[in-house]
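Structure first, commentary second.
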Amino acid sequence: MAKSWKDWEKPVLELDETIRKLQAIVDKETDPERKTELSERVQDYMRRRDAYLETRYSRLGPWEKVLIARAETRPYTLDYINALCEDFVELEGDRRFAADHAIVGGPALMDGRRVMVVGHQKGRNIQERSYRNFGMAKPEGYRKAIRLFEMAERFRMPVITFVDTPAADPGVESESRGISEAIAAAMLSMFELTVPTVSTVIGEGGSGGAIGIAVANHVMMQEHAVYSVIPPEGCAAILWRAAEKGAQAAAALQLTSDSALKFGLVEEVLPEPFGGAHRDPLEAAQTVGRAIMASLERQDKLSGAELKAERAARFRRMGAYAESAVAAVLAES
Amino acid sequence: MAKSWKDWEKPVLELDETIRKLQAIVDKETDPERKTELSERVQDYMRRRDAYLETRYSRLGPWEKVLIARAETRPYTLDYINALCEDFVELEGDRRFAADHAIVGGPALMDGRRVMVVGHQKGRNIQERSYRNFGMAKPEGYRKAIRLFEMAERFRMPVITFVDTPAADPGVESESRGISEAIAAAMLSMFELTVPTVSTVIGEGGSGGAIGIAVANHVMMQEHAVYSVIPPEGCAAILWRAAEKGAQAAAALQLTSDSALKFGLVEEVLPEPFGGAHRDPLEAAQTVGRAIMASLERQDKLSGAELKAERAARFRRMGAYAESAVAAVLAES
Amino acid sequence: MPFGKASSGVAPGAFLPCSNCRKTIFAAEFEANLRVCPYCGHHHRLTWQQRVDVVFDEGSFVELDTDLRSGDPLHFPDYAEKHAQAMQRTKMRDSVVSGRATLMGMPVSTAISDFHFMGGSMGSVAGEKITRAIERGAHEGIPAIVFCASGGARMQEGLLSLMQMAKTTAAVEACRSAGVPYIAVFTDPTMAGVLASYASIADVIVSEPRALIGFAGARVSKQAQVSKVPDDFQTAEFLLSHGMLDKIIERKNLRTNLASLCRLLGGHLAAVEATRG
Amino acid sequence: MPFGKASSGVAPGAFLPCSNCRKTIFAAEFEANLRVCPYCGHHHRLTWQQRVDVVFDEGSFVELDTDLRSGDPLHFPDYAEKHAQAMQRTKMRDSVVSGRATLMGMPVSTAISDFHFMGGSMGSVAGEKITRAIERGAHEGIPAIVFCASGGARMQEGLLSLMQMAKTTAAVEACRSAGVPYIAVFTDPTMAGVLASYASIADVIVSEPRALIGFAGARVSKQAQVSKVPDDFQTAEFLLSHGMLDKIIERKNLRTNLASLCRLLGGHLAAVEATRG
Ligand SMILES: [Zn+2]
Ligand SMILES: [Zn+2]
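Chains as they are written, first to last, in numbering that gives the first Met the number 0: chain A, 0 to 332; chain B, 0 to 332; chain C, 0 to 276; chain D, 0 to 276.
Below is the structure:
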């Protein structure tokens, strides 16, 4: 079982490095013949790399998607905001207890539209990760989100959320300050909105911590993102008393984007650039941005009451069960 | 300067004790003549006590009212709730951080009506005082109040508040969790209500801590209650660098009920029983209860929008200033 | 077999140890005491049927949504077998029973989780029943009362279970908009996905004493924590002192206290208005 | 006389020590740097006029409510004299100046507290001006921006001053109902009755660096406390980390940041809608 996305990406990273070096030589080469020859070698390497990526990424298993979703090179919420928004003012206060850096948010101008953006934020290096608490928000993070949702409602701004968290913070402090209430209240707050809402799972959609800010009219997942009721390691620990069987649990949980689409739990799976969002963050962002704007355009045609009703109905129909007296008898016989 | 209401109440308390003892003797006495004689002495003592109380309480100065408002025998919020409500379910949660025992509240049945009661609560003995934090609420107390106000709005229940606090808690913890925001948000929450509201200052109306839950359509003060922008000792400390000049400051601040009525800052002053509310808590409660019910009856005739507008207008007109170009010229010449 | 470990099959003449304090007590006395240990006051878990008996007017409960059957959408390893075994053992069809009842004369809508069925976990059927019970309150203008006893979302139904958190929350929103009282009663245990959705956003939240209540398994919370864990961590008493509960109510007072709350919040009026509207 | 202690009367060629770091600096450079010390970054207090110059479009500010005059309703000892002296010294009529201006072209309503007038304290006139400024925003559909610099309520007007807390809060409610952005800018100091009313319930709250912000005088808070008082207690940085502020903004960026906020929150649209309605 792979432990990191780098396990299979290593040959690619090595090829990338070789290509980079070779290209530098090409650039300096003055002899036209030699230049052409080297150029062809660069092209060849690139073809081989891309062929590898194409095969590899077209048959990624659930566990590999978990690892990619967790990759530290994967674009994070602020990367999408920076790529997609002309103006963004981060507002930090929850007006209750603390500034939580695992959820960021504020008003922004996206494609010329005023929107309220809220998303989980992870960190890339050790300091950042600690500052962002590994993207695990505390109650104050969700309460800040609620404040921003209410502000969006007041000023008639669509709400755009980016979901990317392993889970809500499970510590003693979070319990003391009501992490459960905060998550539930955040969902409730989203159900109360009469403005358009779009959520995108851009990495890890980790259980309650994810759904807390993912109650939208339109929910999307990036191709390699995952969305799960429980972290696969936690599931394996409970079921088989073996957290290391995460890959097995990932498969059982069907936490990939195609499964979520199949069960009708997301509206749209957004294709990622060749080799994953991390290979071309800008292209990934543009795909996400276009999808957000398309959904807003559709939602603009609905009244506030219709938006609210559509959102409730969206979640209302979720569930897999049978209901009929006949089914009941059959099930029990 | 008196330090306690007992300074002048001592003769009364002694007479009370003498009367009680003498009455016990009367009750046991079998000789009719002697019984009559003793009875008359009891009556005489009572007359003298009442005469003293009448004179004394008719000319209480501002500082003496401060001391009475702080008296540990004075009825507190829960005493009024117990006296006036048939059913009361205290709800403790602020859903944020902690249960605050300096503010109590919950739904109750008052004179057959469903109401939401919220009030500051002080303690009588050392343990109680510490449990109630001397009636000084922290942010969580005001946030609990907000929750109850919102619940009252949802279930169409009038809001009845009792005001009795030296001040909001000024500690480092309270600052850390936003005591200022909590007070301001509580006022804002009361301004949003479309149900009838009545507030009664039953003891100390201590600055921001008091007004936080006193934004009502109808605001009343008990005769000997005080309501002030700053504790007199604090005022004296700032103005004269002498906290012990509290009596002087109390006079300057005009913190008594008749002043508040004169300036149009309360609608009604509720007479207290002979010798103060603490001498007959039940009668005091009945007076308060009747006044609350009378105000609710009046407010019942208004729509939700009218109630909200009346409440805003009530506070909107408060202030003492002149406005005219002529006044401006005169003031500057 | 100590009390609180099973719900039936004990002869009334038997006597057995309390699973909490280990003191021995007659089965009949235990039942008469609503399955609260007379020695240590421990509130032992109830089945949904016992909960109905403790709280509602005798014979007033009518079960609804009885035709709902769980699927196995993910073909999750061993789920079908576990579910079938739980059905057989508990005579329930899933972890939640929903219906109508009266509470000291007042009509109410209710959903009751039973921990004995797969740890009271919330999958599609449980989520649907809870949703319907709360919606029924909203639509008919009668108070909705949910009794929680759950380890959380049911992982065997994957993301579908997570979505039940949002679905039940939508029902709470409907109840709020309708101005109908919605009350949650936490019993041992109330955890994770259930706590982090419909349970925590009730108008009023009460709990039985010493119930285990928390977001994360205690193991996870403590792992995640460098600082000291309080002794009463994740108990009802801990939650009360942290402002998350409104009241802790002993089982014997639950019926009258819930009736008071319904009356005070206007539960008896909402029905009248719903008929009018 | 160090900088930050007075607002005028210093020749531009003079040089004087910063009241915070004591380093010496030319008056002209100090003014050019918006009265922020180039050495220690200390944001020295501004007069209302300097605030207008720093934030609003040149020449766009129009003062309103100029005829409001304070009374002495309580005949409070020395109040009349103190007030008259403050008027003379500051050339203001009370501690707040209100009016209309444009911010990078957008019309806004504003109220500016000036600490130099009786510590920026809020009595009837200040309360009325702040109320009108916020109401004007609500009625005209233009963002309301208040600049706070106050020790709190003015005790010399007694309970009338306390009531200004409620009155200004009512104005904020009106602004919210109208869907018009209301922004508070905390500057050194923002305290007590001002902080505990209109200031803390703005849609967005920003602050200048290191401003003193608190409910109780630091003396009172510390007296009331057995535990350790943090070093940055009651500073803007303390409030930011405790979730009470949205952003700390250096004076030189205030203008563009406030304009961004107004635009993003739809301040430019509200006016259009207000004319329509
Ligand atoms: Zn026991
Ligand atoms: Zn300096």
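All residues carry an ideal CB built from backbone N, CA and C; glycine is no exception. Computed from a predicted model, the values in this text were never measured in an experiment.
- Proximity test, His-138/C beta-carbon vs ligand 1 heavy atom, cut-off 6 Å: No.
- Query: DSSP state of Met-115/A, grouped into three classes?
  - Reply: Met-115/A carries a strand assignment under DSSP once its states are collapsed to helix, strand and coil.
- Output, in chain order, the set of chain A residues within a Cβ distance shorter than 7 Å of Gly-136/D. Correct list: empty, because the minimum Cβ distance to chain A is about 13 Å.
- Please name the residues in the segment 178-211 of chain A whose beta-carbon is closer than 7 Å to at least one beta-carbon of chain C, in chain order. Of all residues in the segment 178-211 of chain A, Ile-178, Ser-179, Glu-180, Ile-182, Ala-183, Ala-184, Met-186, Leu-187, Phe-190, Glu-191, Ser-206, Gly-207 and Ile-210 have a Cβ within less than 7 Å of some Cβ in chain C.
- Using a Cβ-Cβ distance under 7 Å, would Phe-2/D count as near chain B? With a pLDDT of 43 at Phe-2/D, under the threshold of 50, the modelled position of that residue is not reliable, and no figure is offered here.
- Query: In terms of residues, what are the limits of the alpha helix (DSSP H) holding Leu-239/C?
  - Reply: Judged by DSSP secondary structure, Leu-239/C falls within the alpha helix (DSSP H) whose first and last residues are 235-240.
- Message: I'd like to confirm something about His-41/D: is its beta-carbon nearer than 6 Å to some heavy atom of ligand 2, or not?
- Response: At least one heavy atom of ligand 2 lies closer than 6 Å to the C-beta of His-41/D.
- Task: Quick one: which unbroken beta strand (DSSP E) runs of 3-plus residues sit fully inside the segment 108-194 of chain C? Chain order, please.
- Result: Whole beta strand (DSSP E) segments, 3+ residues: 143-149 and 181-190.
- In chain A, which residues lie with their C-beta within 7 Å of the C-beta of Ala-258/C? Result: empty, since nearest Cβ-Cβ is about 26 Å, beyond 7 Å.
- Task: Consider the C-beta atom of Asn-19/D and the heavy atoms of ligand 4; say whether any pair is separated by less than 6 Å.
- Result: In the structure on display, ligand 4 does not appear, and the ligands it does have are ligand 1 and ligand 2.
- Task: For chain A, find out if any of its Cβ atoms is closer than 7 Å to the Cβ of Leu-264/D; answer yes or no.
- Result: At least one chain A Cβ lies under 7 Å of Leu-264/D.
- Message: Please tell me whether Glu-71/A has its Cβ less than 7 Å away from any Cβ of chain B.
- Response: For Glu-71/A, the answer is no, since every Cβ of chain B falls outside 7 Å of its Cβ.
- Query: Alpha carbon to alpha carbon, how far is Met-0/D from Cys-147/D?
  - Reply: Note that Met-0/D scores 35 on pLDDT, short of 50, meaning its location in the model is unreliable; the coordinates nonetheless yield the value given after this. Between Met-0/D and Cys-147/D, the C-alpha separation is close to 25 Å.
- Item | Extent of the continuous alpha helix (DSSP H) to which Gly-288/B belongs | It spans 280-299 - the alpha helix (DSSP H) in which Gly-288/B sits, taken as one unbroken run.
- Would you report the Cα separation of Lys-4/C and Gln-84/C, rounded to the nearest angstrom? A caution first: Lys-4/C carries a pLDDT of 42, below 50, which makes its placement in the model unreliable, though a value can still be read off. So the alpha carbons of these two residues sit roughly 17 Å apart.
- Starting from Pro-169/B, trace the beta strand (DSSP E) both ways and give me its first and last residue. Counting along the chain, Pro-169/B falls outside any beta strand (DSSP E), and DSSP gives it neither H nor E.
- Under 7 Å, do Ala-215/A and Ser-198/A count as touching if we go by C-beta distance? At a Cβ-Cβ threshold of 7 Å, Ala-215/A and Ser-198/A count as neighbours.
- Message: Can you tell me where the alpha helix (DSSP H) holding Cys-234/A begins and where it ends?
- Response: Unbroken alpha helix (DSSP H) run through Cys-234/A: 231-239.
- Starting from Thr-23/C and walking both ways along the beta strand (DSSP E), at which residues does that stretch end? Run containing Thr-23/C: 23-25, per the beta strand (DSSP E) assignment.
- Query: What span of residues does the beta strand (DSSP E) with Cys-36/C cover, start to end?
  - Reply: It is not in any beta strand (DSSP E) - Cys-36/C carries neither H nor E in the DSSP assignment.
- Message: Can you tell me which residues form a DSSP beta bridge with Gly-98/C?
- Response: Per DSSP, Glu-62/C and Thr-109/C.
- Message: Tell me which residues share the same chain as Ala-259/A and place their Cβ nearer than 7 Å to its Cβ, disregarding the 5 neighbours each side in the sequence.
- Response: Listed in chain order, the non-local C-beta contacts of Ala-259/A below 7 Å within the same chain comprise Met-220, Tyr-226 and Val-265, local neighbours out to five positions each way being set aside.
- Query: Does the count of Cβ pairs from the segment 14-22 of chain B and the segment 52-71 of chain B closer than 8 Å reach three?
  - Reply: Touching, no.
- Message: Out of Ile-102/A, Asn-81/A and Phe-133/A, which one is the CA nearest neighbour of Asp-110/A?
- Response: Closest in C-alpha terms to Asp-110/A, from the list Ile-102/A, Asn-81/A and Phe-133/A, comes Asn-81/A.
- Thr-54/A at chain B interface by Cβ criterion, 7 Å: Chain B contact via Cβ: absent.
- Counted within 10 angstroms of its Cβ, other Cβ atoms place Ala-137/D as buried (16 or more) or exposed: If you draw a 10 Å sphere on the C-beta of Ala-137/D, you find 16 or more other C-beta atoms in it, and that means buried.
- Validate contact between the segment 141-150 of chain A and the segment 40-58 of chain A using beta carbons, cut 8 Å, 3 pairs: Verdict: no, contact absent.
- When DSSP labels each residue in this structure, what does Ser-129/A get in the three-state scheme? In the structure shown, Ser-129/A sits in a helix (DSSP, three-state: H, G or I).
- Meets three-Cβ-pair contact criterion under 8 Å: the segment 99-106 of chain A and the segment 175-186 of chain A: Under the three-pair Cβ rule at 8 Å, the segment 99-106 of chain A does not count as touching the segment 175-186 of chain A.
- Message: Using only the alpha-carbon positions, how far apart do Met-105/C and Thr-46/C sit?
- Response: Using only the alpha carbons, I get a separation of about 23 Å.
- For Ser-84/A, which residues does DSSP report across the bridge? Reading the sequence as shown, one finds Cys at residue 84/A and not Ser. Assignment of beta-bridge partners to Cys-84/A by DSSP yields Met-109/A.
- Message: Taking beta-carbon pairs under 8 Å, can you tell me which members of the segment 78-112 of chain A lie near chain B?
- Response: Listed by position along the chain: Arg-94, Arg-95 and Phe-96.
- Message: So for Arg-44/C, helix, strand or coil by DSSP?
- Response: Assigned with DSSP and collapsed to three states, Arg-44/C falls in coil, not helix or strand.
- Query: Are the C-beta atoms of Phe-273/B and some chain C residue less than 7 Å apart?
  - Reply: Not an interface residue.
- Message: Quick check on the burial criterion: 16 or more other C-beta atoms within 10 angstroms. Buried or exposed for Trp-4/A?
- Response: Trp-4/A counts as buried, since at least 16 other C-beta atoms from the protein chains shown sit within 10 angstroms of its C-beta.
- Query: Out of curiosity, what's the CA-to-CA distance linking Arg-50/C and Ala-110/C?
  - Reply: Each residue's alpha carbon lies about 11 Å from the other.
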